[in-house]
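Protein chains in written order, with my numbering: chain A, 29 to 261; chain B, 20 to 418. Presented below is the structure to which this report refers.
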Amino acid sequence: MKRTVPLFITGLVGALLIVSYYVPHPPFDSVERKIPDYFNIIAAFAFILGGGNLLRIHLTRISRRDHEWLYSVVTVTGFLVMLVLGLLKMTGAEGSAFGVQANLDLADARLLYDWLYRAIFVPCQATMFSLLAFFVASASYRAFRAKTPEATVLLLAAFVILVGRTPVGHLITAWMPEPFSDYFHIPNLSAWLMSFPNTAGQRTIQIGIALGIISNSLRLILGVERSHLGGSD
Amino acid sequence: MPRFLAGSACFSFLLMSPVIAQEGPGSSSPPPAPPGPVSAADRTWDAGGEIIVSWEPSPDADRAGVTHYDIQRSADGGAFESVGTAPAGATEFRDDSGVNENIEYSYQVAAVGPGGEGISSPSASVTTHIDWFNRDRGNILILMLIVCGSITWYIERARAGQKLYIRKIAGMDAVTEAVGRATEMGQPVLYIAGIQDMDDVQTVAGLTILGSISKMIAEYETHLLMPTSRSLVMSTARETVKESYLAAGRPDAYRDDSIYYVTDEQFGFVAHVDGLMSRKKPAACFYLGAFFAESLILAETGNSIGAIQVAGTAMPTQLPFFVAACDYTLIGEELFAASAYLSQDEKMLGSLKGQDFGKLIAMIFIVTGGVFSTLAAFTEAAPVAMVNRLLGLLWGSPQ
Chain A
29 MKRTVPLFIT
39 GLVGALLIVS
49 YYVPHPPFDS
59 VERKIPDYFN
69 IIAAFAFILG
79 GGNLLRIHLT
89 RISRRDHEWL
99 YSVVTVTGFL
109 VMLVLGLLKM
119 TGAEGSAFGV
129 QANLDLADAR
139 LLYDWLYRAI
149 FVPCQATMFS
159 LLAFFVASAS
169 YRAFRAKTPE
179 ATVLLLAAFV
189 ILVGRTPVGH
199 LITAWMPEPF
209 SDYFHIPNLS
219 AWLMSFPNTA
229 GQRTIQIGIA
239 LGIISNSLRL
249 ILGVERSHLG
259 GSD
Chain B
20 MPRFLAGSAC
30 FSFLLMSPVI
40 AQEGPGSSSP
50 PPAPPGPVSA
60 ADRTWDAGGE
70 IIVSWEPSPD
80 ADRAGVTHYD
90 IQRSADGGAF
100 ESVGTAPAGA
110 TEFRDDSGVN
120 ENIEYSYQVA
130 AVGPGGEGIS
140 SPSASVTTHI
150 DWFNRDRGNI
160 LILMLIVCGS
170 ITWYIERARA
180 GQKLYIRKIA
190 GMDAVTEAVG
200 RATEMGQPVL
210 YIAGIQDMDD
220 VQTVAGLTIL
230 GSISKMIAEY
240 ETHLLMPTSR
250 SLVMSTARET
260 VKESYLAAGR
270 PDAYRDDSIY
280 YVTDEQFGFV
290 AHVDGLMSRK
300 KPAACFYLGA
310 FFAESLILAE
320 TGNSIGAIQV
330 AGTAMPTQLP
340 FFVAACDYTL
350 IGEELFAASA
360 YLSQDEKMLG
370 SLKGQDFGKL
380 IAMIFIVTGG
390 VFSTLAAFTE
400 AAPVAMVNRL
410 LGLLWGSPQ
């Protein structure tokens, strides 16, 4: 029963969505539009589930004085401060959140919430994102070492594209006469690499992905795929 | 006035005069004759959002007196408003701009020329109907039936006991090695199912693979770490892992706390996972699902701690990062095939064979399309045009 019901629901909803794609007549016309609403309703409940889980795990760590419990204090404090200020910001009545009187004025809460978001959250987020620049450099260094013929081709292609997108690339081969510059002028070569070999490779991957999605969905709809339910036993 | 200037002015006048003779009187030339009778009909086998308007060409169309046609529509007896234009040689227009069911539409067509416009008499009223099949998607239905039919057929063949050859997927063969290494080192296994929610098929694929890998983790008695960026993914992953531990005969080893929610925020989640990797030093890291800019940050951190890393995603833009930083990468379709491959279940493997048949069809279409499109550039032979038209119909774009 525990497996039959989810499999039945998956099969039914999957089949319904496939039919609704081809049948524009009511009641099928609105299925594609309405199913995401059901997902959003479930996801809204999941927010409470997520918040509850976060508090439970970190409060348990704090109470047990687990290894790294101080990180949990920061997490819980951040969560609660933003939650309270967010609720105060949301509420229409001044100084109250869902009937609970707060000492903070509504305008203050809004300002504080926005300040915390802009002065703490956004810079932290930007810091994490900026790490990418350093990681790109270290990953490129490893990937572009010409150890094998394939890596050498990769290195050459990357070099042409990198140089071709800078003014230097234009200057290096600006002297080329007409018929050759159409093919070997570095910016043109870079554009050709991006437009043809790169696009062909991307499309190949995308065709494979589309077929993979069809196959995976069909396995789920037909109930052949049961790994997420603990296997086929 | 100097002579040369006077002369040039005179020359200019002589040059310009024919133009003036054409354009000048144009403003006073009569407007083109209106087009012949206009008819409007509901397009059949569609979602009721399209009307086909056709008309007899204006008698002035052949004499270059018409530059284009302006198609005007009246809804429920209201004023006529322009809904589009058609070139001078056209006699048909498809109106799909805001056409709704149960509204009476009437059309008139204006032949527009240099001297103004000649407006036809209005057509009879027409209403649209929503049909039971959308023929615009017929080509997709045919392809879907072929691909799904082949997948189902191979699943049935596998059920009947036929042995199927499936090529090796190096990334999946490395799973046992990675989990085994984590066991030997006494370090945990880190599993990230992407940062998207359960409505993304890549997350679903990531969790189906988790089912197989967590069974292995349970058998090896290794510790699993699985932070999630969506709470719905957390609850689904918990159910999946719990069932796998049960199937492996180790329900006692399952711990709810090993799968937990962190945050929906992309870089907040990355900060947590990076910190977790640096502190706990997992021996094996799996990144299987939908990833964006965080892919390289995660993979490089995993690389720096010396973990065996297996990644898989269907995001073409993130694949190069995973290829550069991970030991094994499942590229696109391999992510969706991994669960079947790991389970070695005949029915699941049958579906992979069907998927391969779909690839064969795609290859045939690509080669045929390439050859006939190239031929069409050199010849106008009827068979070439026919094949190109057929391919265009199948792919939904006229050739």
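Beta carbons: idealized from backbone N, C-alpha and C, even for Gly. Note that the coordinates shown come from a computational prediction; the quantities given were computed from them, not determined experimentally.
By DSSP's criteria, residue i is part of a beta bridge. Which residues make up the other side?
i: B/D61; result: B/I70
i: B/R92; result: B/E100 and B/Y126
i: B/G132; result: B/G135
i: B/R113; result: B/I71
i: A/I90; result: Per DSSP, none; premise fails for A/I90.
i: B/I278; result: B/M245
i: B/Q328; result: B/C304
i: B/A105; result: B/Y88
i: B/I350; result: B/T332
Do the CB positions of residue i and residue j come within less than 8 Å of each other?
i: B/A318; j: B/F288; result: no
i: B/F311; j: B/Q285; result: yes
i: B/G331; j: B/L349; result: yes
i: B/Y307; j: B/V260; result: Here residue 307 of chain B is Leu; the residue named in the question, Tyr, does not match the sequence. Cβ distance not < 8 Å, so B/L307 and B/V260 don't count as in contact.
i: A/I85; j: B/D276; result: yes
i: B/A59; j: B/S142; result: yes
i: B/V102; j: B/S93; result: no
i: B/I236; j: B/V208; result: yes
i: B/R113; j: B/E75; result: no
i: B/S254; j: B/D283; result: no
i: A/S262; j: A/I189; result: The shown model of chain A, from 29 to 261, leaves out residue 262 of chain A, and the question about it has no answer.
i: B/S362; j: A/L77; result: no
i: A/L246; j: B/I165; result: no
i: A/N216; j: A/S209; result: yes
i: A/I249; j: A/T32; result: no
Closer than 8 Å by C-beta to residue i: which residues in its own chain qualify, once you throw out the five before and the five after it? Chain order, please.
i: A/L87; result: S100 and V104
i: A/L144; result: V109, M110 and L113
i: B/T146; result: D61, E120, N121, I122, E123 and Y124
i: B/D150; result: T63, W64, D65, A66 and G67
i: B/A404; result: A395
i: B/I214; result: S248, R249, Q285, F288, G308, A309, F310, F311 and E313
i: A/Y57; result: The sequence shown places Asp at residue 57 of chain A, rather than the Tyr named in the question. If we look at A/D57 and ignore the five residues flanking it on each side, its Cβ neighbours are S48 and V51.
Specify the secondary structure class of residue i as computed by DSSP and reduced to three states.
i: B/A333; result: coil
i: B/Q374; result: helix
i: B/L409; result: helix
i: A/M29; result: coil
i: B/V208; result: strand
i: B/L183; result: coil
i: B/M245; result: strand
i: B/A83; result: coil
i: B/F310; result: coil
i: A/V109; result: helix
i: B/C345; result: coil
i: B/V145; result: strand
i: A/M204; result: coil
i: B/F391; result: helix
i: A/R274; result: The structure shown does not extend to residue 274 of chain A, since chain A is modelled only from 29 to 261, so the question has no answer here.
i: B/H291; result: helix
For residue i, which residues in the same chain have their Cβ closer than 6 Å to its Cβ, ignoring the five residues on either side in sequence?
i: B/D219; result: A309
i: B/A83; result: none
i: B/G137; result: P50, P51, A52, P53 and A130
i: B/G373; result: S169, I170 and Y173
With a CB to CB cut of under 7 Å and the five nearest residues on each side skipped, what residues in its chain are close to residue i?
i: B/G321; result: M296, C304 and Q328
i: B/A266; result: K234
i: B/L33; result: Summary for B/L33: the model assigns pLDDT 38, below 50, so the residue's position carries little reliability; its value from the coordinates is reported in the next sentence. If we look at B/L33 and ignore the five residues flanking it on each side, it has no Cβ neighbours.
i: B/M5; result: Since the first and last residues shown for chain B are 20 and 418, residue 5 of chain B lies out of range.
i: B/D18; result: Nothing about residue 18 of chain B can be read from this structure; chain B reaches only from 20 to 418.
i: A/T74; result: A quick correction: the sequence has Ala, not Thr, at residue 74 of chain A. Within the same chain, A/A74 has no close Cβ partners at all.
i: B/V252; result: A212, D216, M217 and T222
i: B/Y239; result: V198, G199 and T202
Is any heavy atom of the ligand ZN found at a distance shorter than 7 Å from the C-beta of residue i?
i: A/L144; result: This structure does not include the ligand ZN; it has no bound ligands of any sort.
At a CB distance below 9 Å, what residues from the stretch 180-206 of chain A approach chain B? Give them in sequence order. none
Could you list the residues in the stretch 219-235 of chain A with a C-beta less than 7 Å from some C-beta on chain B, going in chain order? Q230, I233, Q234 and I235
Chain-ordered residues of the stretch 346-373 of chain B with a beta carbon less than 9 Å from chain A: I350, G351, E352, E353, L354, F355, A356, S358, A359, L361, S362, D364, K366, M367, G369, S370, L371 and G373
Anything in the stretch 223-235 of chain B with a Cβ closer than 8 Å to a Cβ of chain A? List those residues in chain order, please. V223, A224, L226, T227, I228, L229, G230, S231 and K234
Which residues, in order along the stretch 135-158 of chain B, keep a beta-carbon less than 7 Å from a beta-carbon of chain A? I149, D150, W151, F152, N153 and R156
In the stretch 147-160 of chain A, which residues sit with their C-beta less than 9 Å from some C-beta in chain B, listed in chain order? F149, C152, Q153, A154, T155, M156, F157, L159 and L160
Residues of the stretch 106-118 of chain B with Cβ closer than 8 Å to any Cβ of chain A, in chain order: none
Anything in the stretch 73-88 of chain A with a Cβ closer than 7 Å to a Cβ of chain B? List those residues in chain order, please. A74, F75, L77, G78, N81, L82 and I85
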